[in-house]
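Comments concern the structure below.
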Amino acid sequence: MLIRRLPSTKIAMKWALVFLGLVALSECLVRVPLMKGKSMRQSLMEQGKLEEFLQKYNDLSAKYNNFMSDLPMYNYLDIEYVSVISIGTPPQSFRILPDTGSANLWVPSIYCNSQACSNHRKFNPSLSSTYRAQNTPVSIQYGTGSMTGFLGYDTVNVGGIVDTNQLFGLSQTEPGSFLYYSPFDGIMGLAYPDISASHSTPVFDNMMRQGLVSQDLFSIYLTRNGAQGSVVTFGGYDTSYFTGQINWVPITVEGYWQIAIENVMVNGQVVACAQGCPGIVDSGTSLIAGPPSDIASIQQQIGATVNSYHQYTINCQNIGSMPDVTFTINNVQYKVPPSAYVRQVNGQCSSGFQSMALPTAQGDLWILGDVFIREYYSIFDRGNNRVGLAQAV
């Protein structure tokens, strides 16, 4: 999400889906996501044995260094996955979108008078004893509007990992209407620092620099059909979320989590990306997006047709006979079945593939969004500059 150096149609596509789920917004504001399983650290804390463990094993610091940490995500209609973090002392809580397609952390501030800030939580610097003004302006372009504001430092708590010196954005303007309807207050970018606006250090980079994670990687598990249990695991990965082996894919450009796709097939025939193409694994995008001509070919193969709103619809009765769409990545075939790429809402079915022209120096970009990540547990390995993919449970 929020691909800063790419055209803004990416967000417009996603927010068209968000509008369909507004009826559940009030629920989203108060419900707390459930974790599928507890981390070792949390179990030890509940048993009152954490300090004993820390002293016995390697005399780890009170920050619980070298542990994995789970950050639960609330599944909002299979469109967005939202977490809660805190900023400041005492902590001010915010709903954020963990986003591998951007690199900035920002939240609304009390200085924002945009409509989008009126129904979201706003950070108040004067209430935090650890806040330090930096005052560098920050501006991020996205969708039908933009976020502008300034930067400051404060303590950020992400799933129990305490980052005491995090640079983040405080919004002053959030033009447009789609953020008004969003189930989250702000964004936590998890991509490489090269794409960070105003050269802000991303949250995970600070975790690595301060030794707050045992491994320089994080992993994402996304649930299906609105179920709870989605999670970002910082510092490692959890084998209970996938089956089979992990296939590692090298990063081709260190900005987004960009990889090389060899082709896209339906029924064993190449129908798109015939000469190879770049792709990014992006937790902030709901669908799978690609070049218009290639996506049109896929839509034809799966039997999707355009309606009067220029949306690709599908006859729900055909789902059982529709083909898999297969992505070949690093010589491994990743099948996306119709149960994954067909969206069913109120008895209506639509395609999970979206046309989007995103040219790059490496070719037209594909975005492997939540439709793909729900099928394949994704590990984002900064230490080795690679993405691990395994069949999600």
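FYI, the numbering for the sequence shown is -28 to -1, 1 to 365, going by mature numbering (1 follows the signal peptide of the UniProt record, and there is no 0). Just so it is clear, CB atoms sit at the ideal spot from N, CA and C, and this is done for glycine as well.
Cβ neighbours of residue i in the same chain (closer than 8 Å, five flanking residues each side left out)
{"i": "I159", "result": "M(-28), L(-27), I68, L69, D71, S74, N76, L77, W78, G256"}
{"i": "Y284", "result": "Q271, A276, T277, V278, S322, S323, F325"}
{"i": "R346", "result": "D50, L194, T195, R196, A312, A364"}
{"i": "R358", "result": "W220, V221, P222, I223"}
{"i": "L6", "result": "Any answer about L6 is weak, because its pLDDT of 29 lies below 50 and its placement is not dependable; what the coordinates show is given next. Excluding positions up to five away in sequence, the list reads P44, Q200, G201."}
{"i": "F95", "result": "I59, G60, Q64, F66, V79, P80, S81, I82, L142"}
{"i": "residue 374", "result": "With the chain covering only -28 through 365, there is no way to say anything about residue 374."}
Residue range of the unbroken alpha helix (DSSP H) whose run includes residue i
{"i": "C89", "result": "87 to 90"}
{"i": "residue 372", "result": "The chain is shown from -28 up to 365; residue 372 falls before or after that span and cannot be answered."}
{"i": "Q316", "result": "Note, Q316: premise wrong, no alpha helix (DSSP H); beta strand (DSSP E) at 314 to 317."}
{"i": "I345", "result": "342 to 345"}
Chain-order list of residues whose beta-carbon lies under 6 Å from that of residue i (same chain, five-residue window excluded)
{"i": "G227", "result": "Y164, D166, I167"}
{"i": "V314", "result": "I286, I291, C321"}
{"i": "D188", "result": "M180, R354, G355"}
{"i": "D254", "result": "T72, G73, I339, G341"}
{"i": "I218", "result": "G360, A362"}
CA nearest to the CA of residue i, picked from the options
{"i": "A246", "options": "N290, M294, I233, A88", "result": "I233"}
{"i": "A312", "options": "R358, I291, I301", "result": "I291"}
{"i": "A105", "options": "Q230, L142, L49", "result": "L142"}
{"i": "L194", "options": "G240, G161, S350", "result": "S350"}
{"i": "L43", "options": "S202, G198, S293", "result": "S202"}
{"i": "G121", "options": "Q138, F352, T127, V110", "result": "V110"}
{"i": "S100", "options": "A88, Y125, N107", "result": "Y125"}
{"i": "Q138", "options": "E146, I274, Q182, N303", "result": "Q182"}
{"i": "I267", "options": "S186, G335, A244", "result": "A244"}
{"i": "A88", "options": "P155, Y46, S265", "result": "P155"}
{"i": "N107", "options": "T173, F140, S149, F344", "result": "F140"}
{"i": "F206", "options": "V175, G198, R93", "result": "V175"}
{"i": "S98", "options": "S41, V128, P62, P264", "result": "P62"}
Bounding residues of the beta strand (DSSP E) (the contiguous stretch that carries residue i)
{"i": "residue 366", "result": "Residue 366 is absent from the model: the chain starts at -28 and stops at 365."}
{"i": "A362", "result": "358 to 364"}
{"i": "F299", "result": "297 to 301"}
{"i": "F352", "result": "348 to 353"}
{"i": "F140", "result": "133 to 145"}
{"i": "Q271", "result": "Element bounds for Q271: not the beta strand (DSSP E) but the alpha helix (DSSP H), 264 to 274."}
{"i": "Q320", "result": "320 to 323"}
{"i": "A244", "result": "241 to 244"}
{"i": "residue 373", "result": "The first residue shown for the chain is -28 and the last is 365, placing residue 373 beyond what the model contains."}
{"i": "T195", "result": "Per DSSP, T195 belongs to no beta strand (DSSP E) and is neither H nor E."}
{"i": "Y284", "result": "284 to 286"}
DSSP beta-bridge partners of residue i
{"i": "L43", "result": "V204"}
{"i": "M119", "result": "I112"}
{"i": "Y306", "result": "F299"}
{"i": "V253", "result": "L340"}
{"i": "P331", "result": "D336"}
{"i": "I233", "result": "C249"}
{"i": "Q106", "result": "DSSP, once it has assigned bridges, lists no residue as partnering Q106."}
{"i": "I260", "result": "F325, L340"}
Cutoff 7 Å; reference residue i; Cβ partners in own chain excluding five residues on either side
{"i": "Y348", "result": "Y306, L361, A362, Q363, A364"}
{"i": "S118", "result": "S111, I112, P147"}
Short CB-CB distance (under 8 Å) between residue i and chain D
{"i": "I223", "result": "You won't find chain D in this structure, because it holds only one protein chain."}
Unbroken stretches of the beta strand (DSSP E), 3 residues or longer, contained in the stretch 44 to 82: 52 to 59, 64 to 71, 77 to 80
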